[in-house]
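One gets our numbering by counting positions in the sequence shown from 1 and adding 224 to each.
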Amino acid sequence: MVVSSRKGSVGKSGGCPFSALISGEGSTGGVDSRSGASTSQGGPVVAKRKPARAGNAGQRRRPPGPPGGAFGMEALRIVSSLTFDGVPKTTLTLAQEYGDAIAFENPIGLGDAAGWTFLSSPDDVEHVSATNCNNYRERFLPDSYAFATDGKGILATGGAYNRRHRSLCQPSFQKATLLASFADMVTASTEDLKAQWEESKGTRRGEGEEAGATTIDLPLHMQRLTLDIIGQVAFSHDFGQVADCGREMRGEKKERPSTLVDAVNHFGEALGEVFVPPKPLLHVLEAIRYPSVMKLRESLRTIHSEMRTIIEGRRDEYAKGTNSTDDLLDSLMQARDAEGNPLTTQELFEDVH
225 MVVSSRKGSV GKSGGCPFSA LISGEGSTGG VDSRSGASTS QGGPVVAKRK PARAGNAGQR
285 RRPPGPPGGA FGMEALRIVS SLTFDGVPKT TLTLAQEYGD AIAFENPIGL GDAAGWTFLS
345 SPDDVEHVSA TNCNNYRERF LPDSYAFATD GKGILATGGA YNRRHRSLCQ PSFQKATLLA
405 SFADMVTAST EDLKAQWEES KGTRRGEGEE AGATTIDLPL HMQRLTLDII GQVAFSHDFG
465 QVADCGREMR GEKKERPSTL VDAVNHFGEA LGEVFVPPKP LLHVLEAIRY PSVMKLRESL
525 RTIHSEMRTI IEGRRDEYAK GTNSTDDLLD SLMQARDAEG NPLTTQELFE DVH
């Protein structure tokens, strides 16, 4: 998880504690620079979480950051990793090198952020996502998000637009029956993946594996499981990704290619490849037809086309009185704003995709 601090907010009362981690009680426990561990001794300074002490409650200490400052070689390496490896992998790498938190300054003012803190501790993630989530209402979004989505959609916006659309989506996540249905889908999809693992166990052995053993690409399988769950919860669509996990493990061919799934995967890859460049540079890269930018645009066009077909098909079901689904798309199609207007097909696409 990455937490950003707005310019001028660091150090203010009530601000984000991760701008300078508070050593003391709670999930924002302190960090301690390990004595003697430095770049001159073969590695960066490592932050180690230490228990609270009565004498240091409320004391603020900055998490460790790359030596050499924001324009040093280590910072450039991190930026390169963000560009080519993406945020999740970079965060894990930084956790191994620096500890639970690492501070990264933003001297060029990207996205109006003073800097970021990369968090890997489950306690800190829980603090941001649940315990103190009201302190993190605004979202930092790199320019690549706004560039790719034209600044629209729940996942790619902040401010008033985001609050309006989130309020229209909220009923789906407040109905007890609908939440129970969503939970059942998560459980069922997870059980399906487990069954695929069991069925595929020992069918193909990798080099050096014991008899009956099977190698699992867990990050890939979790990504595909998530995609299947989102498809069911959002618009009652089966991407068949869990089943494909089993087929690949058993050496079988995919039963059906999925244009939408391929486009979603290409979109994610391309977004990671152009995560860092500011918007003006992205437009220049588009003008010279830079491969990653063109892949981003093409994949989004494909997603838009496929999703428009799903949305229009759902509208036809409503018109004929044959609709029997109860998902996020249904909730959004039935939603009305303060003036009683429904969401347009374009707005539905922006919120669901």
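The C-beta atom is built at its ideal place from N, Cα and C for all residues, glycine as well.
In the structure shown, leucine 343 adopts extended strand secondary structure according to DSSP, grouped into three states.
Annotated as proximal: aspartate 324 and serine 344, with beta-carbon spacing under 8 Å.
The beta carbon of alanine 458 sits closer than 7 Å to the beta carbons of Asp551, Leu552, Leu553 and Val576 from its chain, once the five residues preceding and following it are set aside; these are given in chain order. In this structure, Gly470 is the residue among Ile453, Gly470, Asp462 and Pro290 with its C-alpha nearest to the C-alpha of lysine 425. Looking from the CA of phenylalanine 371, the closest CA among Tyr542, Ala419 and Leu509 belongs to Leu509. Threonine 401 and aspartate 486 have their C-alpha atoms spaced approximately 32 Å apart.
Leucine 449 sits close to threonine 414, with the two beta carbons spaced by under 8 Å. Secondary structure of isoleucine 302 (DSSP, three-state): helix.
By the neighbour-count definition (other C-beta atoms within 10 Å, threshold 16), aspartate 462 is an exposed residue.
Just so you know, the alpha carbons of glycine 475 and threonine 438 end up roughly 12 Å apart. Per DSSP, the continuous alpha helix (DSSP H) segment holding phenylalanine 371 begins and ends at 367-373. With contact defined as three or more Cβ pairs closer than 8 Å, the segment 487-497 and the segment 517-532 are in contact.
Leucine 505 and serine 368 do not touch by the CB rule: their CB atoms are close to 10 Å apart, not below 8 Å.
Taking 8 Å as the cut-off, the Cβ atoms of threonine 569 and arginine 532 count as close. Per DSSP, reduced to three states, the secondary structure at phenylalanine 328 is strand.
Within the same chain, Thr549 and Asp551 come within 6 Å of serine 460 by CB-CB distance, once the 5 residues on both sides are set aside. For arginine 388, same chain residues with a beta-carbon under 8 Å away, outside a window of 5 residues either side, are Asp561 in chain order.
Here glycine 310 carries a coil assignment [DSSP, helix/strand/coil]. One thing to note: methionine 409 has its Cβ within 8 Å of the Cβ of isoleucine 453. Cβ neighbours of aspartate 309 within its own chain (closer than 8 Å, five residues either side excluded): Thr317 and Gly496.
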